[in-house]
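Participant: Numbering (the working numbering), first residue to last: 5 to 265. Idealized CB from N, CA, C, for every residue including glycine. Predicted, not measured: the structure shown is a model, and the values here were computed from it.
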Amino acid sequence: MADQWKQHAQLTVSKHGVATLAIRNAKSLNILGTPVVTALTAALHAVAAQGDIRVLILRGEGDKAFVAGADIKEMAALDQQSATAFIERLRLLCESCRQLPMPVIARIPGWCLGAGLELAIACDLRIAADTAHFGMPEVKVGIPSVIHAALLPRLIGKARANWMLLTGEIIDAPQAESFGLVDRVVPVAELDVEIDRISTMLAGLGPKALAQQKRMMREWEDEPLQTSIDNSVREFGAAFNTGEPQKYMADFVRNKEDKAK
Numbered sequence: 005m006a007d008q009w010k011q012h013a014q015l016t017v018s019k020h021g022v023a024t025l026a027i028r029n030a031k032s033l034n035i036l037g038t039p040v041v042t043a044l045t046a047a048l049h050a051v052a053a054q055g056d057i058r059v060l061i062l063r064g065e066g067d068k069a070f071v072a073g074a075d076i077k078e079m080a081a082l083d084q085q086s087a088t089a090f091i092e093r094l095r096l097l098c099e100s101c102r103q104l105p106m107p108v109i110a111r112i113p114g115w116c117l118g119a120g121l122e123l124a125i126a127c128d129l130r131i132a133a134d135t136a137h138f139g140m141p142e143v144k145v146g147i148p149s150v151i152h153a154a155l156l157p158r159l160i161g162k163a164r165a166n167w168m169l170l171t172g173e174i175i176d177a178p179q180a181e182s183f184g185l186v187d188r189v190v191p192v193a194e195l196d197v198e199i200d201r202i203s204t205m206l207a208g209l210g211p212k213a214l215a216q217q218k219r220m221m222r223e224w225e226d227e228p229l230q231t232s233i234d235n236s237v238r239e240f241g242a243a244f245n246t247g248e249p250q251k252y253m254a255d256f257v258r259n260k261e262d263k264a265k
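1) Quick one: any contact between the stretch 61-76 and the stretch 109-117, if contact means 3 or more CB pairs under 8 Å?
2) So, with DSSP's three-state summary, where would you put residue 20?
3) Using the C-alpha atoms, what's the distance from residue 36 back to residue 77?
4) Is residue 5 helix, strand or coil by DSSP?
5) Who are the Cβ neighbours of residue 177 in its own chain at under 6 Å, not counting the five residues just before and after it?
6) For the putative contact between residue 130 and residue 225, defined by C-beta atoms under 8 Å, what is the C-beta separation to the nearest angstrom?
7) Work out the CA separation of residue 117 and residue 40 for me, nearest whole Å.
8) Shortest alpha-carbon distance to residue 223 belongs to which of 211, 102 and 68?
9) Among 147, 234 and 245, which has the Cα closest to the Cα of residue 87?
10) The alpha helix (DSSP H) that contains residue 183, what's its start and end?
11) Would you report the Cα separation of residue 261 and residue 212, rounded to the nearest angstrom?
12) Given this structure, state the Cα-to-Cα distance separating residue 247 from residue 72, to the nearest angstrom.
13) Using the Cβ count rule (16 or more neighbours within 10 Å means buried), how would you classify residue 194?
14) Going straight from the alpha carbon of residue 208 to that of residue 99, what length do you get?
15) Output the boundary residues of the beta strand (DSSP E) element that contains residue 94.
16) For residue 233, count neighbouring Cβ atoms within 10 angstroms of its own Cβ and tell me buried if that reaches 16, exposed if not.
17) Tell me the DSSP bridge mates of residue 137?
18) Output the distance between the C-alpha atoms of residue 199 and residue 153, rounded to the nearest integer angstrom.
19) Please classify residue 338: does DSSP put it in a helix, a strand, or coil?
20) When DSSP labels each residue in this structure, what does residue 143 get in the three-state scheme?
21) Determine the DSSP secondary structure at residue 76, reduced to helix, strand or coil.
22) What is the DSSP secondary structure of residue 70, counted as helix, strand or coil?
23) Is residue 26 helix, strand or coil when you go by DSSP?
24) Find out if the Cβ-Cβ distance for the pair residue 151, residue 91 is shorter than 9 Å.
25) Which whole-angstrom value is the C-beta distance of residue 120 and residue 70, which I expect to be below 8 Å?
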């Protein structure tokens, strides 16, 4: 697996706990074929097990694309059995990303299509350049959008999700931001500066609190509202067993008192 990492994924970690997982050697638009998917999934499992990572930035190679989709050349040769195995590998990749305990930021400078958009949706935050374009064009090549496309109605609403999934048309970055598909759009020259700002801010927060918040957010997707509200009382109390509220609240009070002097 180490050899696959070297070929298709590169993981770097800063001294502040901000990690970057970069797709490598996946054609010019970071296409998700089986070798790339396998390597990225293994890399994400390693990230989950590495205790010093507080934030993960997921990015493609270069600025042409985040990920411009799955490998159509590979898919064109599939039958029902191999197609099921192919999409199961993509499901595991997206789910490995979605279930990470730390915040995950998708860096989106250009094309973000199909399986690439599903992977971006599996991230917690999506920061895009004003040159980015988004779409779910699977219907145009004879297949439905599946797996984490199921998150689209929750993210942008049923009507907008229906339009994207049924027409397969591409939207630009400002429209994606108006849909709520991305969290922020900045000029391409400022993309890395903005991602660095946000990732540094997140790295300064309590990792246990962020992991707890992420887990609760996933549970809220499936639970009735009243269950989520009731369970959150227990979660709030449990947070005080970590020591993080005491530390961060003491820092807050001290800083406020210092400013008042």
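Facilitator: The structure says:
1) yes
2) Residue numbering aside, residue 20 sits at position 16 when the sequence shown is read from its first letter. Three-state result, residue 20: coil.
3) Walking along the sequence shown from the start, residue 77 turns up at place 73. Walking along the sequence shown from the start, residue 36 turns up at place 32. Taking the straight line joining both Cα atoms gives about 11 Å.
4) Numbered from its first residue, the sequence shown carries residue 5 at position 1. Because residue 5 carries a pLDDT of 47, less than 50, the predicted location of this residue cannot be relied on, and no value is offered for it.
5) For the purposes of this step, residue 177 is taken as the residue at position 173 of the sequence shown. Once the five neighbours on either side are set aside, the close Cβ partners of residue 177 are 132, 134, 136 and 189.
6) Taking the sequence shown and counting its residues from 1, the one referred to as residue 130 is at position 126. Taking the sequence shown and counting its residues from 1, the one referred to as residue 225 is at position 221. Not really, about 17 Å apart at Cβ, beyond 8 Å.
7) As a first step, residue 40 must be located in the sequence shown, where it is residue number 36. As a first step, residue 117 must be located in the sequence shown, where it is residue number 113. Each residue's alpha carbon lies about 16 Å from the other.
8) Looking up residue 223 in the sequence shown gives position 219. Answer by Cα proximity: 102.
9) Taking the first residue of the sequence shown as 1, we reach residue 87 at position 83. When only C-alpha atoms are compared, the closest one is 147.
10) Mapped onto the sequence shown, residue 183 falls at position 179. 177-183 is the extent of the alpha helix (DSSP H) around residue 183.
11) Reading the sequence shown from its first residue, position 257 is the one you call residue 261. Reading the sequence shown from its first residue, position 208 is the one you call residue 212. Cα-Cα distance, rounded: 26 Å.
12) On the sequence shown, residue 247 is found 243 positions in, with the first residue counted as 1. On the sequence shown, residue 72 is found 68 positions in, with the first residue counted as 1. Each residue's alpha carbon lies about 43 Å from the other.
13) As a first step, residue 194 must be located in the sequence shown, where it is residue number 190. By the 10 Å Cβ count, residue 194 comes out exposed.
14) Against the sequence shown, residue 208 aligns to sequence position 204. Against the sequence shown, residue 99 aligns to sequence position 95. Their backbone Cα atoms lie some 26 Å apart in a straight line.
15) For the purposes of this step, residue 94 is taken as the residue at position 90 of the sequence shown. Membership of residue 94 in any beta strand (DSSP E) is not indicated; the residue belongs instead to the alpha helix (DSSP H) covering 84-102.
16) Counting from 1 along the sequence shown, the entry for residue 233 is found at position 229. Classification of residue 233: exposed, given that the 10 Å Cβ count is below 16.
17) Residue 137 sits at position 133 when you count from the first residue of the sequence shown. Paired residue(s): 115 and 176.
18) Mapped onto the sequence shown, residue 199 falls at position 195. Mapped onto the sequence shown, residue 153 falls at position 149. One C-alpha to the other measures close to 24 Å.
19) Residue coverage of the chain in this structure runs from 5 to 265, which leaves residue 338 outside it and unanswerable.
20) Position 139 of the sequence shown, counting from 1, holds the residue named residue 143. DSSP places residue 143 in helix when its eight states are reduced to three.
21) Counting from 1 along the sequence shown, the entry for residue 76 is found at position 72. In this structure, residue 76 counts as helix in the three-state DSSP scheme.
22) In the sequence shown, the residue the question calls residue 70 occupies position 66. The three-state secondary structure of residue 70, taken from DSSP, is strand.
23) If you number the sequence shown from 1, residue 26 lands on position 22. Three-state result, residue 26: strand.
24) On the sequence shown, position 147 is the one that residue 151 refers to. On the sequence shown, position 87 is the one that residue 91 refers to. Their beta carbons are under 9 Å apart, which means residue 151 touches residue 91 by this criterion.
25) Residue numbering aside, residue 120 sits at position 116 when the sequence shown is read from its first letter. Residue numbering aside, residue 70 sits at position 66 when the sequence shown is read from its first letter. With 8 Å as the limit, residue 120 and residue 70 qualify as a contact, their Cβ atoms being about 6 Å apart.
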